[in-house]
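Residues in the sequence shown are numbered from 2 upward in steps of one, following our numbering. Please read the structure below before turning to the comments.
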Amino acid sequence: MALTRDALRYPAKRVLLHRTRLAYVHLRNLLTDAKRDRSARVYGYVAVWLPEELITLFLEEGEVVNATTTTDGLKFSTLSISEAVARVPSSAEYGSVCFHEAADEQLDTMFATQMGTPLEWPRELKLEDGDAMLAFLYATMHDGALEIQVDGSVHYIVISSGSPLRGYFSDNRPGDLSAHVKALLAPSAHATKPVVRLWPRADALPAQAAPALIQAYRDLVVAMGTRLREHGVPRAEELIETVRRAQVPKFELLERFSPAMPTVRDPVTDTATLTKAVGHWTQEVLRSVASPECVPEQVVKELTTARRHMFQAAGFYDQLPWKAQW
């Protein structure tokens, strides 16, 4: 299994960093440069091969928007962005990393094929017969993608109305797409038997909430406890924790937001869901302590002024019934 994972190679539109030993690359600096350098703000992925796993970071305009991990190259799971980056040692003796630019459509397909469930092929269809497989796709007018893994390389062919439309290959294959599909399926041409999977049309690559926003919400909750005590609320931290526990059945991500455990791992969630959860949590806390000495609008203003624009962009204020006067 480890050989499958370690040998995996995905298509690239442009190679920004060839597969290189981790000892020579600082991942955090690489990602920082990808955000800072205008020419590096590309759609692409960073693949990190560690002794125990393969981590894939998906980037849009230079920003990491999602991450996956696999220990065997077959089963993948999502990781929070912060945890994915933290798992990569800053100076690893073992492991390697690459940074590749890729089309947005390819990133959508990569993530979908890692995290989704493929469609079933008819039992009688011989997948090594390229003509028969292409005829089946045409007959069913399939819209989606064909994934072919062979000798560690992963190839994607976008299918529209049953016909190959675009191809993303791990090697240079210009020209007729149908001919390339047949060549990849021919078992005699490869060291290993090709793995062929059929997929529906991929959804857009989902974007996780940014680690900076998650940390901002963590800081907000801690500051809320301090601020409420200053406004005369006794045992404010206990109240905040009680409300959090009550909200967990509705917002599972709050399991990883205990103020008493600041080192807990970040949740895997999107900005809207995260903001809604923290907004409801904040609303319930402030509603329960509202008084002439503790006015919710004033507390919100005091807590969020420093990061007002970040919270505004995330839609945090829309989750609250009170509008702070700036």
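Built from N, CA and C at the ideal position, the CB exists for glycine as well.
1. From what residue to what residue does the beta strand (DSSP E) around Thr21 run?
2. As a quick exercise: from Lys251, Val222, Thr114, Phe317, pick the residue whose alpha carbon is nearest that of Glu239.
3. Count the other C-beta atoms from every protein chain shown that fall within 10 angstroms of the C-beta of Ala13, then say buried if there are 16 or more, exposed otherwise.
4. Whose C-beta lies closer than 7 Å to the C-beta of Ile241 among residues of the same chain, with five residues either side of it excluded?
5. Taking the continuous alpha helix (DSSP H) assigned at Ala282, which residues delimit it?
6. State the DSSP-derived secondary structure class of Ser78, mapped to helix, strand or coil.
7. List, from N- to C-terminal side, the beta strand (DSSP E) runs of 3 residues or more that fit wholly inside the region 68-150.
8. What's the call for Pro297, buried or exposed, on a 16-neighbour Cβ count within 10 Å?
9. What number of angstroms, rounded off, separates the C-alpha of Gln209 from the C-alpha of Ser81?
10. Strictly by DSSP, which residues pair up with Trp323?
11. Quick one: grab the DSSP three-state call for Gly168.
12. Tell me which residue opens and which closes the beta strand (DSSP E) that Phe59 is part of.
13. Is it true that the CB of Met116 sits closer than 8 Å to the CB of Thr69?
14. Just verifying my parser: in three-state terms, what is the DSSP assignment at Tyr46?
15. In chain order, what residues of the same chain have a beta carbon less than 6 Å from the beta carbon of Val197, not counting five sequence neighbours either side?
16. What's the gap between the Cα of Asp271 and the Cα of Ser189?
17. Keeping to the same chain, check which residues put their C-beta closer than 7 Å to that of Ser162; ignore five residues upstream and five downstream.
18. State yes or no: is the C-beta of Thr114 nearer than 7 Å to some heavy atom of the ligand ATP?
19. Just reading off the beta strand (DSSP E) that Ser154 is part of, what are its end residues?
20. Classify Pro331: buried if its beta carbon has 16 or more other beta carbons within 10 angstroms, exposed otherwise.
21. For Thr21, which residues in the same chain have their Cβ closer than 8 Å to its Cβ, ignoring the five residues on either side in sequence?
22. Nearest to Leu229 by CA position, among Val290, Val182, Thr264, Glu253, is which residue?
23. Would you say Tyr44 and Glu64 are within 8 Å of each other, going by their C-beta atoms?
24. Please report how far the alpha carbon of Ala211 lies from the alpha carbon of Gln313, in whole angstroms.
25. Cα separation between Leu178 and Glu102?
26. Taking C-beta to C-beta, are Trp282 and Arg257 nearer than 8 Å?
27. So for Leu229, helix, strand or coil by DSSP?
28. Quick one: which unbroken beta strand (DSSP E) runs of 3-plus residues sit fully inside the region 181-206? Chain order, please.
29. With C-beta atoms as the reference, is Asp204 less than 8 Å away from Asp109?
30. My output table needs one value for Arg10: the three-state DSSP class, helix, strand or coil.
31. Can you list, in chain order, the residues of its chain with a C-beta nearer than 7 Å to that of Pro119? Leave out the 5 residues immediately preceding and following it.
32. Who are the Cβ neighbours of Glu294 in its own chain at under 7 Å, not counting the five residues just before and after it?
33. Taking Cβ to Cβ, would you say Val151 is nearer than 8 Å to Pro195?
34. Which value, in whole angstroms, describes the spacing of the CA atoms of Ala85 and Phe170?
Short version:
1. Start and end: 15-22.
2. Val222
3. Result: buried.
4. Same-chain partners within the cutoff: Val222, Met225, Gly226, Pro260, Val286.
5. Here residue 282 is Trp; the residue named in the question, Ala, does not match the sequence. Segment 272-290, the alpha helix (DSSP H) holding Trp282.
6. Residue state, collapsed to three classes: strand.
7. For the region 68-150, the continuous beta strand (DSSP E) assignments of 3+ residues that do not extend past its boundaries occur at 77-79, 97-102, in sequence order.
8. buried
9. 8 Å
10. Trp323 is not bridged to any residue.
11. DSSP, reduced to helix, strand and coil, places Gly168 within a strand of the structure shown.
12. 55-61
13. yes
14. strand
15. Same-chain partners within the cutoff: Leu128, Ile149.
16. 45 Å
17. Contacts found: Met142, Asp144.
18. In terms of ligand content, the structure shown is empty, and the ligand ATP therefore cannot be addressed.
19. Ser154 -> beta strand (DSSP E) spans 154-161.
20. There is simply no residue 331 to check, as the chain begins at 2 and stops at 327 in what is shown.
21. Ser97, Val98, Cys99
22. Val290
23. no
24. 14 Å
25. 21 Å
26. no
27. Residue state, collapsed to three classes: helix.
28. 196-201
29. In this structure, Asp109 lies closer than 8 Å to Asp204 by Cβ.
30. strand
31. Cβ within range, chain order: Arg198, Leu199, Trp200.
32. His232, Gly233
33. Pro195 is positioned such that its CB atom lies closer than 8 Å to that of Val151.
34. Rounded to the nearest whole angstrom, the CA to CA distance from Ala85 to Phe170 is 26 Å.
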